[in-house]
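Numbering-wise (the UniProt record's numbering), the sequence shown opens with residue 1 and increments by one. Before any comments, here is the structure.
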Amino acid sequence: MKINVAVVGSGYIAVQDYYPAFQREDIKEKMEVTAVCDVMEGRANEHCQRFGFGTPYTDFDKMLQEAPIDIVAILSPIPYHFELAKKALLAGKHTYVQKTMTITSEDAVELNRIAREKGLILCSSPGQMIEPSHRQAKKLLDAGALGKICFARGQGGHPGHENQELFGIDPSWYYRKGGGPMMDVAVYPITSITGFMGPAKRVTAFSGIVQPDRYWNGRKLDIEMDDNTVLLLDFGEGAFASVQGNFCTRKVKTPQIELYGEKGTMLLGGWCDMSRPLEIYTEETVLGNTAGWYRPEAPLDAKPEPFTIWTVADLLHVVDCVAEKKKPLISGEHSAHVIEIIEKAYESARSGKAIDLTTTFTL
C-alpha cells in the first residue's frame, strides 16, 4: 500500500533535498506525493508538473479537505510550522515537520498533546537517531562501550546562508526572529547529544551578534537573531555537554559529536562531514570489537537500502511507520525538549543565569 504524502512549502529545501529523492523507484513504491501547497501559485504548479506530483494548491485548508492525504510534510520556513502542523493534526493527518518543529517549546508541547489525543504520528527532523552511524553508536553505548558518558561536545557551525547558493532565494528569514543558527544548525548536535545522554536538566549560554554586516545580492541584511551562541547542558550527576551554534564557521575538520565516557571515547561525523566514519576507543571488548581505537565497518543493525540524504530519511521513516503501524524512533517529545533547550539558552544568555528545563522524553 502506497502512503499519500502532501507537501506544504515548495521552496529551496523541498527542491534541493526532497523532490529529487522522491524520483527514486524504491521511494515511489512506498509513497506518492498527491498534493503540493505553496503561497506562490506558480511555484506549486511548476513543481507538480516538473516532478510528476499530484494537485497544486495555494490554500492549505482546501488541500486538507480535498486531497487524499495520509501524511502532511511541512517544509515551510520555521515561523509557519506551528500553525500548519496544528491544522494538519486537527484534520486527522499524520504530520512530519522540517526542523525545528516550532519556535517555542509551549507550541511543541501543544502539538504533541493534539497528536497524542488523536492517536497520530508527529515527527520532526532532524532524525539523527535513525542515521546509520548514530544507530551504531547507540547500540554500542547501550552495550556499555563507554560506560557512563561524562562529557559531550557538539558542533553546530555554518558559514551563513548569504554565502550559500540558494537558487536565488533571499536568505533574510534565516536572520529574522525565529531563525538563527540555533534553530537552523545547532539543532543537529543538540538532538544527537540528548539522543545519547537523555533529557538535560539545565542550560546556560553566551550569545550575541558577531558579524552584523552581512550582504546578499549587494543588499545589507537586517540581522535580528544572534549569529553566535555557545551553550552548556547539565544532565545531572556531574555529566555535562557543550554545543556551539553559529553562522561564522567557514569549514570544520573536527567531528560533529564527541562523547567521552568512563571507559572510552566516541567520535561521529554527523551532517558536518557525512564521509567521516564513526570512531571509537574502548578499554574493553564490546560486541565482538577489540579494545583500542577502531571503526565499525558496517552498521550493527544495517538495513539493505542505502541511507539517502538525512532530511529525506526522516520523512521516509515516518512513511514506513504509518504503513507498518509502528512507533517512530524519532519523537515529537524529543523535538520539544530540543526546542526548549534552544529557547532557554537564549533566556540564559540574556539573564546570565542557568535555566531549569521542564520538558522530557524517553530514549
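Glycine is no exception: its CB is placed at the ideal position from the N, C-alpha and C atoms. Computed from a prediction, not measured in an experiment: that's the story for all the values here.
| field | With 16 other Cβ atoms within 10 Å as the buried cut-off, status of Tyr188 | value | With a 10 Å radius around the Cβ and a threshold of 16 neighbouring Cβ atoms, Tyr188 comes out buried.
| query | Going by alpha carbons, who is nearest to Val243 out of Lys139, Phe151, Ile209? | reply | The shortest C-alpha separation from Val243 is found at Phe151.
| task | Starting from Glu258, follow the beta strand (DSSP E) in both directions and report where the run begins and ends. | result | Unbroken beta strand (DSSP E) run through Glu258: 257 to 261.
| In chain order, what residues of the same chain lie with their CB nearer than 7 Å to the CB of residue 389, ignoring the 5 residues before and after it? | Lying outside 1 to 363, the shown extent of the chain, residue 389 is not represented and no answer is given.
| Since Met63 is in the alpha helix (DSSP H), which residue starts that stretch and which ends it? | Run containing Met63: 60 to 66, per the alpha helix (DSSP H) assignment.
| said: Quick check: Thr229 and Ser207, are their CB atoms within less than 8 Å of each other? | reply: Yes. Within cutoff.
| said: Please classify Tyr215 as buried or exposed, where buried requires at least 16 other C-beta atoms within 10 Å of its C-beta. | reply: Burial call: exposed.
| task | Give a yes or no on contact between the stretch 331 to 340 and the stretch 94 to 103, applying the rule of three or more CB pairs nearer than 8 Å. | result | These segments touch.
| message | Check whether the stretch 254 to 273 and the stretch 109 to 119 touch, using three or more Cβ-Cβ pairs below 8 Å as the test. | response | Between the stretch 254 to 273 and the stretch 109 to 119 there are fewer than three inter-stretch CB-CB distances shorter than 8 Å, so the stretches are not counted as touching.
| request: Only counting runs of 4 or more residues, tell me where the alpha helix (DSSP H) segments fall wholly within the stretch 302 to 350, in order along the chain. | output: Qualifying alpha helix (DSSP H) stretches, in chain order: 310 to 324.
| message | Does the structure place the stretch 342 to 349 close enough to the stretch 223 to 239 that three or more beta carbon pairs sit under 8 Å? | response | Counting Cβ pairs under 8 Å, three or more are found: they touch.
| said: Suppose you measure from the CA of Cys48 to the CA of Ala14; what does that come to, to the nearest Å? | reply: Counting only the Cα atoms, Ala14 lies some 12 Å from Cys48.
| Collapsed DSSP secondary structure at Gln128 in the structure displayed | Residue state, collapsed to three classes: helix.
| field | Those runs of the beta strand (DSSP E) which lie wholly inside the stretch 105 to 193 and span at least 3 residues | value | Listed in chain order, they are 122 to 124, 149 to 157.
| message | Three or more C-beta pairs under 8 Å: does that hold for the stretch 277 to 286 against the stretch 19 to 34? | response | Flag = no, the stretch 277 to 286 and the stretch 19 to 34 do not touch.
| Pro17 to Ile3, Cα distance in whole Å? | At residue 17 the sequence reads Asp, which differs from the Pro that was named. Take the alpha-carbon of Asp17 and the one of Ile3: they are about 19 Å apart.
| Between Leu268, Val286, Thr55, Lys62, which lies nearest to Gln128 when the distance is taken from Cα to Cα? | Nearest option by C-alpha distance: Leu268.
| In the DSSP assignment, what residue or residues form a beta bridge with His94? | BP columns for His94 point to Ile71.
| query | So, Leu111 versus Val7, is the Cβ gap smaller than 8 Å? | reply | No, they are not a contact pair.
| query | Per DSSP, Thr55 is paired with what? | reply | For Thr55, DSSP records a beta bridge to Ala35.
| said: Using only the alpha-carbon positions, how far apart do Gly52 and Val72 sit? | reply: Distance between the alpha carbons of Gly52 and Val72 is about 18 Å.
| query | Any idea if Thr311 is buried or exposed, counting beta-carbon neighbours within 10 angstroms, 16 or more meaning buried? | reply | Label assigned to Thr311: buried.
| request: Note down, in chain order, each residue of its chain lying with its Cβ closer than 6 Å to the Cβ of Gly11, except the 5 sequence neighbours on either side. | output: Contacts found: none.
| task | For Ile342, count neighbouring Cβ atoms within 10 angstroms of its own Cβ and tell me buried if that reaches 16, exposed if not. | result | It is buried - the Cβ of Ile342 has at least 16 other Cβ atoms within 10 Å.
| By DSSP, does Met1 sit in helix, in strand, or in coil? | Coil, per DSSP.
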